[in-house]
Amino acid sequence: MNSKANDPTRLRAGIIGCGWFGRVHLERLSEIPGIAVCAVSDPDPAARRKLAERVPELMRDQQGTDVADYASAEELMQHPGLDFVVIASPNRWHVPQVLAALEHGLHVLCEKPLSLVPEEVTQVAEATERSDRIVAIAYQSRYRRDSRLLREALRSGRWGRITSIDVFACEDWVTPNVGTWRHDPERCPGGYFGDANGHQLDLLFHVTGLEASRLRATMENRGTPVPIVTWGEARLRPQSAATAPPRQTDDVPFTFTFVGDAKHWREEISIQTERADFVMRNTRLLWTDSSADLRPFTEEDLSLSAPVTSDTPDSAFVRALRGGEPVVSAPGTVWPVLRFTLGALASAAQGGVEQHMTT
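For the sequence shown, the positions run 44 to 402 when the numbering used here is used.
Quick look at the structure:
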């Protein structure tokens, strides 16, 4: 472990990719004491200058401090004294940049998806294990209060086995992305489904401990070069005896719909168990055991004395660097989403033919 990582006054960061998510991570890091963003990189000089100018406006301890800006990630990684990098570049560059960062002895927080190539995920996982660095994938939904609370509820066994699941998500993923890398099938394979819907899938697989055993899917591009709408059905099985709810041995039916040409954002994950229904609606957790209508699910319903807190991938990552609890989104945890994504893409390409998943 880098000794400077344990000193809250000396965590120095670089941000790779100065688009929307680069700005999001800068804002999150600005809320964490003892972080200095020292360098940014992007091939677009206007984008990197704009983000560099934003740093002293947001970071409490950096007013009047120059921020280095580089055209390439490799140049940024050689900036003196960095402790970690945040990778917010287009998807296709994630793996080579993570591996390069590890070679430079840097900790890494990387945007999702890590990769749609299984061999690359294995390569990153193995490189992380060989290093003494922390690598986390920014699946932000894992750190939300509602997902943490639901994960605890399902693992308690109090409401029995999971019996069925449905996921619906929609947003306008067309208008803001026209002409960008997200509408380029080479740089963003899978389109809306491959880039954005990993959030809902990862959340679901994380809180339930399940993953797909088989699935079928249909996709439509809706006039764009990439998939915009995806729907289908699957059967989910326990990832392992350790992660699944108690006595969860049978497959669970799962239906899903992802609409990327909607006019509003909505996310709803509905999980039925033997003795209760749970609904995650736009980050709000609701439930009913049939004794009353859907209502908020709280710590009291789970008999927890302390409130469940929310987090961001950035704050959890920094806490791990400072010796706190390990991150919950290490590279090896991306497999359920990766297998599901590849299976859905293959099924859609074959006209909806059912795909059987292997581990």
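We put the CB at the ideal spot given by N, CA and C, even for glycine.
Three or more C-beta pairs closer than 8 Å, one from the region 159-167 and one from the region 185-197: is that the case here?
-> no
Taking residue 306 as the reference, which of 368, 215, 223, 275 has the closest Cα?
-> 215
Taking only the alpha-carbon atoms, compute the straight-line gap between residue 211 and residue 236 and give it to the nearest angstrom.
-> 12 Å
For my contact list, residue 319 and residue 308 are in at a C-beta cut-off of 8 Å; report their separation, rounded to the angstrom.
-> Contact doesn't hold; Cβ gap of about 27 Å is too wide.
Under 8 Å between C-beta atoms of residue 127 and residue 56 | yes
Please list, in chain order, all residues of the same chain as residue 176 whose beta carbon is under 6 Å from its beta carbon, the five residues on each side excluded.
-> 145, 150
Would you check if the distance between the CB atom of residue 357 and the CB atom of residue 68 is smaller than 8 Å?
-> yes
Reducing DSSP to helix, strand and coil, say where residue 330 ends up.
-> strand
Can you have a look at residue 292 and say buried or exposed, based on whether 16 or more other CB atoms are within 10 angstroms of its CB?
-> exposed
Could you check the C-alpha separation between residue 268 and residue 181 for me, to the nearest Å?
-> 26 Å
Cβ of residue 351 within 8 Å of Cβ of residue 94?
-> no
7 Å Cβ shell around residue 325 - same chain, five flanking residues per side excluded | 309, 310
Indicate whether the contact test is met: 3 or more Cβ pairs, each with one atom in the region 232-251 and one in the region 368-381, closer than 8 Å.
-> yes
Just how far apart, CA to CA, sit residue 142 and residue 203?
-> 42 Å
Rounded to a whole number of angstroms, what is the C-alpha to C-alpha distance between residue 257 and residue 394?
-> 15 Å
Residues bridged to residue 255 (per DSSP) = 279
Can you tell me where the alpha helix (DSSP H) with residue 68 in it begins and where it stops?
-> 63-73
In its own chain, which residues sit with a C-beta less than 6 Å from the C-beta of residue 61, not counting the 5 before and 5 after it?
-> 83, 85, 90, 91, 94
Nearest-angstrom Cα separation, counted from residue 75 out to residue 359 = 10 Å
Residue 254 classed as buried or exposed, judged by whether at least 16 other C-beta atoms fall within 10 angstroms = buried
Out of curiosity, what's the CA-to-CA distance linking residue 130 and residue 72?
-> 13 Å
Apart from the five residues on each side of it in sequence, which residues of its chain come closer than 6 Å, Cβ to Cβ, to residue 50?
-> Because residue 50 carries a pLDDT of 48, less than 50, the predicted location of this residue cannot be relied on, and no value is offered for it.
Kindly list the residues whose CB is nearer than 6 Å to the CB of residue 300, restricted to its own chain and excluding five residues on each side of it in sequence; keep chain order.
-> 211, 274
Beta strand (DSSP E) runs wholly inside the region 263-326, at least 3 long, in chain order = 272-281, 295-302, 304-316, 320-324
Mind checking which residues open and close the alpha helix (DSSP H) that includes residue 98?
-> 88-101
Residue of 289, 116, 122, 398 minimising C-alpha distance to residue 276 = 398
Any idea if residue 281 is buried or exposed, counting beta-carbon neighbours within 10 angstroms, 16 or more meaning buried?
-> buried
Residue 386 versus 259, 148, 77, 79, residue with shortest Cα-Cα distance = 259
Member of 383, 65, 334, 345 whose CA lies at the smallest distance from the CA of residue 152 | 65
Hey, could you find the ends of the beta strand (DSSP E) residue 167 is sitting in?
-> Note, residue 167: premise wrong, no beta strand (DSSP E); alpha helix (DSSP H) at 161-173.
Smallest Cα separation from residue 224: which of 315, 132, 340?
-> 132
Proximity of residue 189 and residue 323 at Cβ, strictly below 8 Å = yes
C-beta contact flag for residue 314 and residue 205 at 8 Å = yes
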